[in-house]
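See below for the structure under consideration.
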Amino acid sequence: AQSVSQHNHHVILSEAASLELGCNYSYGGTVNLFWYVQYPGQHLQLLLKYFSGDPLVKGIKGFEAEFIKSKFSFNLRKPSVQWSDTAEYFCAVNAEGATNKLIFGTGTLLAVQP
Amino acid sequence: SQTIHQWPATLVQPVGSPLSLECTVEGTSNPNLYWYRQAAGRGLQLLFYSVGIGQISSEVPQNLSASRPQDRQFILSSKKLLLSDSGFYLCAWSTGRSGNTIYFGEGSWLTVV
Chain A
191 AQSVSQHNHH VILSEAASLE LGCNYSYGGT VNLFWYVQYP GQHLQLLLKY FSGDPLVKGI
251 KGFEAEFIKS KFSFNLRKPS VQWSDTAEYF CAVNAEGATN KLIFGTGTLL AVQP
Chain B
7 SQTIHQWPAT LVQPVGSPLS LECTVEGTSN PNLYWYRQAA GRGLQLLFYS VGIGQISSEV
67 PQNLSASRPQ DRQFILSSKK LLLSDSGFYL CAWSTGRSGN TIYFGEGSWL TVV
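Listed in order, the protein sequences are those of chains A and B.
For the first sequence, the working numbering assigns the number 191 to the initial residue and increments by one for each residue that follows.
For the second sequence, the working numbering assigns the number 7 to the initial residue and increments by one for each residue that follows.
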């Protein structure tokens, strides 16, 4: 069965610091990978996704993620965070042919201090 | 454009009472529908998903059930709630294409007392 691991449960950064949130998945086949974000008081929304092609994916608000197949990883990065990036971030994986069944990690709560 | 709504937004129910959370999607047809539960420190747990009317797949053995009486309606139910059923429940939808984005509803807070 597929699973997703997010090793950082709670991250605190100062504004302008660089961010990298780890995500590893376990599945031997072809996968689609996602990062979702939940801002305080808002719905979960898609940040970026990888289906195929360039393993470096760019999303909204300056976020990017790199798919490294050999490491089963899809880490999220941002070179300079802002206070408004304070949110909970979820990595998710969907195995090809799994009828769009999306499996989420446990989430990382990011707090950016002004 | 497509929209998803679920209700009620907040619910406080006694142990042993029934539950019904309802979710509807507008602006699309034959969506995949999902119920997730979000618990602190445990992320989002997929409870049920449905690829069509009357087709329900259960991911986790539990005290809950789901039904899809209409194409764009998804209902989460329980005959007798347990304390452990407390949590934040999210309905979601996506198109049938593999790997497509999943869109979430506003969520429902359930407190079982």
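Every residue, glycine too, gets a C-beta built ideally from N, C-alpha and C.
It should be emphasised that the depicted structure is a prediction, and the values quoted were computed from it without experimental measurement.
Amino acids of chain A, ordered along the chain, whose beta-carbon sits closer than 7 Å to that of residue i
| i | result |
| --- | --- |
| I62/B | Neighbours of I62/B on chain A: none; closest Cβ ~12 Å, over 7 Å. |
| F4/B | Any answer about residue 4/B is impossible in this case: the structure gives chain B only from 7 up to 119. |
| Y55/B | K291 |
Supposed contact pair residue j and residue i - C-beta distance, whole angstroms, cut 8 Å
| i | j | result |
| --- | --- | --- |
| V283/A | L203/A | With a Cβ gap of about 25 Å, V283/A and L203/A do not count as contacting. |
| L82/B | A98/B | Actually they do not touch by this definition, with Cβ atoms about 12 Å apart. |
| G93/B | L116/B | 6 Å |
| P269/A | S208/A | 5 Å |
| Q61/B | R43/B | That pair is no contact at about 20 Å. |
| Y226/A | Q235/A | 7 Å |
| G49/B | G297/A | 5 Å |
| G113/B | L96/B | 5 Å |
Listed by chain order, chain B residues near residue i by CB distance under 9 Å
| i | result |
| --- | --- |
| I258/A | Chain B residues near I258/A: none, gap ~19 Å exceeds 9 Å. |
Neighbour-count burial assignment, residue i, 16 or more Cβ in a 10 Å radius
| i | result |
| --- | --- |
| I258/A | exposed |
| K251/A | exposed |
| L292/A | buried |
| V302/A | buried |
| W273/A | exposed |
| G111/B | buried |
| S242/A | exposed |
| S56/B | buried |
The beta strand (DSSP E) enclosing residue i, as first and last residue numbers
| i | result |
| --- | --- |
| C29/B | L25 to E32 |
| W115/B | S114 to V118 |
| I202/A | H200 to S204 |
| N265/A | S263 to K268 |
| T9/B | T9 to W13 |
| P75/B | S71 to Q76 |
| G93/B | G93 to S100 |
| I59/B | Taken as a continuous stretch (DSSP letters only), I59/B belongs to no beta strand (DSSP E), as it is neither H nor E. |
| C281/A | A277 to A285 |
| W225/A | V221 to Q228 |
| K248/A | L246 to K248 |
| Y217/A | Unbroken run through Y217/A: none, as it is neither H nor E. |
| W41/B | N38 to A45 |
| I108/B | Premise fails: I108/B is in no beta strand (DSSP E) and is neither H nor E. |
| T296/A | Segment: none, T296/A is in no beta strand (DSSP E) and carries neither H nor E. |
| F257/A | E254 to I258 |
Partner residues on chain B for residue i, Cβ-Cβ distance less than 8 Å
| i | result |
| --- | --- |
| I293/A | L52 |
| K248/A | In chain order: nothing, as chain B lies at least about 16 Å away. |
Close beta carbons around residue i, own chain, < 7 Å, minus the five adjacent residues each side
| i | result |
| --- | --- |
| S216/A | Q192, S193 and F262 |
| V66/B | Q51 and L53 |
Beta-carbon neighbours of residue i, restricted to chain B and to distances below 7 Å
| i | result |
| --- | --- |
| F280/A | G49 and L50 |
| K239/A | T107 |
| G297/A | G49 |
Neighbourhood of residue i by C-beta distance below 8 Å, restricted to the same chain and skipping five residues each side
| i | result |
| --- | --- |
| Y240/A | N222, L223, F224, V247, A255, F257 and F264 |
| A45/B | Q51, G93 and F94 |
| P24/B | S83, S84, K85, K86 and L87 |
| G295/A | V194, S195, Q196, C213, F280, C281 and A282 |
| T276/A | Y229, P230, L300, A301 and V302 |
| V201/A | L209, L211, T298, L299, L300 and A301 |
| E278/A | V227, Q228, G297, T298, L299 and L300 |
Beta-carbon proximity list for residue i, same chain, < 6 Å, skipping 5 on both sides
| i | result |
| --- | --- |
| Q19/B | L87 and V118 |
| P37/B | V31 and W99 |
| R78/B | T30 and V31 |
| T34/B | Q8 |
| R267/A | E210 and E254 |
Within chain A, the residues that residue i reaches when beta carbons sit closer than 9 Å
| i | result |
| --- | --- |
| L39/B | Simply none; closest approach about 10 Å. |
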